[in-house]
Amino acid sequence: MQNKLKNNDFSDIVFERKSIRLYNKDVKISQEEMLEMIQEATTAPSSVNMQPWRFVVVESEEEKQKLKPLIRFNTAQNDSSSAMILIFGDMECYEYGEEIYDQAVRENKMSSEVRDQQLAAIIPYYKNLTRQEMNDIVKIDSSLAAMQLMLVARNHGYDTNAIGGFESDLLAAAFDLDKERYVPVMILSIGESIDTGYQSVRLDADALTTFK
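Residues in the sequence shown are numbered from 1047 upward in steps of one, following my numbering.
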């Protein structure tokens, strides 16, 4: 497949809207390629670069069986996909602030003075946010990463399906995560499609847009 992301050609990716339910069970995505796709997806925008997105790749049959009762009407994707990617938002993402900003200094993308100034302002600010405010931030950022992962997957030759129907209060604990810290955002199924998918309609842009 032509590398459309690098050529800034999104015609095949953005405008072809289909919802995939069934995948080729014989196609498995290697962990190396999965990590490559996730790495590309994490170039998504992030508020003050705290990068709150966290990924759990459910690929083994044993773990898929654990996931199955938690995904309501989305079992076809679970049964046939190469993997189900659980995307969580880390409510304590600021704990990685120093590591992130130190890397920026090492790569000459930020001076140590700017790092110190920004961390001195950002970390206390994040720690003092209400749970709802923090929840909003991590879900917005993680959703941006999820959308980017869908585009990246298409560029690698795979299809995805964004899933919001799952037992959100049970998902983190089922996969050994602290449910107070890690809030579920969405699940992406990923694999090689064997159907044409379900087409849907979208409202016209002029019905949704106001110019001032």
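Glycine included, C-beta positions come from ideal geometry on N, C-alpha and C.
Whether residue i touches residue j by CB criterion (8 Å)
i            : j            : result
residue 1128 : residue 1075 : yes
residue 1133 : residue 1192 : yes
residue 1146 : residue 1199 : no
residue 1122 : residue 1197 : no
residue 1124 : residue 1112 : no
Cβ distance (whole Å) where residue i is taken to contact residue j below 8 Å
i            : j            : result
residue 1240 : residue 1131 : Between residue 1131 and residue 1240 the Cβ distance is about 19 Å, and since that is not below 8 Å, they are no contact.
residue 1185 : residue 1135 : 5 Å
residue 1079 : residue 1202 : 7 Å
residue 1165 : residue 1138 : 15 Å between Cβ atoms; not a contact.
Chain-order list of residues whose beta-carbon lies under 6 Å from that of residue i (same chain, five-residue window excluded)
i            : result
residue 1194 : 1087, 1090
residue 1102 : 1132, 1221
residue 1066 : 1205, 1207, 1239, 1243
residue 1099 : 1188, 1191
residue 1246 : none
residue 1210 : 1232
residue 1179 : none
residue 1215 : none
residue 1049 : Legend: pLDDT at residue 1049 = 44, less than 50; position of this residue unreliable, value from coordinates given subsequently. No residues qualify anywhere along the chain.
residue 1154 : none
residue 1150 : 1156
residue 1052 : Summary for residue 1052: the model assigns pLDDT 47, below 50, so the residue's position carries little reliability, and this model does not support an answer.
Proximal residues to residue i (C-beta, below 8 Å), its chain only, five neighbours per side dropped
i            : result
residue 1255 : none
residue 1140 : 1096, 1168, 1169, 1172, 1173
residue 1181 : 1135, 1137, 1229
residue 1250 : none
N- and C-terminal bounds of the alpha helix (DSSP H) containing residue i
i            : result
residue 1150 : 1143 to 1152
residue 1121 : 1121 to 1126
residue 1250 : Careful: residue 1250 lies outside any alpha helix (DSSP H) and carries neither H nor E.
residue 1080 : 1077 to 1087
Neighbourhood of residue i by C-beta distance below 7 Å, restricted to the same chain and skipping five residues each side
i            : result
residue 1231 : 1133, 1134, 1135, 1185, 1188, 1189, 1192
residue 1094 : 1168
residue 1225 : 1218, 1219
residue 1227 : 1136, 1137, 1138
residue 1092 : 1187
Start and end residues, beta strand (DSSP E) containing residue i
i            : result
residue 1230 : 1228 to 1237
residue 1199 : Not the beta strand (DSSP E): residue 1199 falls in the alpha helix (DSSP H), residues 1177 to 1201.
residue 1137 : No beta strand (DSSP E) contains residue 1137, which DSSP labels as neither H nor E.
residue 1167 : Per DSSP, residue 1167 belongs to no beta strand (DSSP E); it is in the alpha helix (DSSP H), 1158 to 1173.
residue 1205 : 1205 to 1209
residue 1118 : Counting along the chain, residue 1118 falls outside any beta strand (DSSP E), and DSSP gives it neither H nor E.
(request) Spell out a yes or no on whether the segment 1150 to 1168 and the segment 1111 to 1120 are touching, meaning 3 or more CB-CB pairs, one atom from each, closer than 8 Å. (result) no
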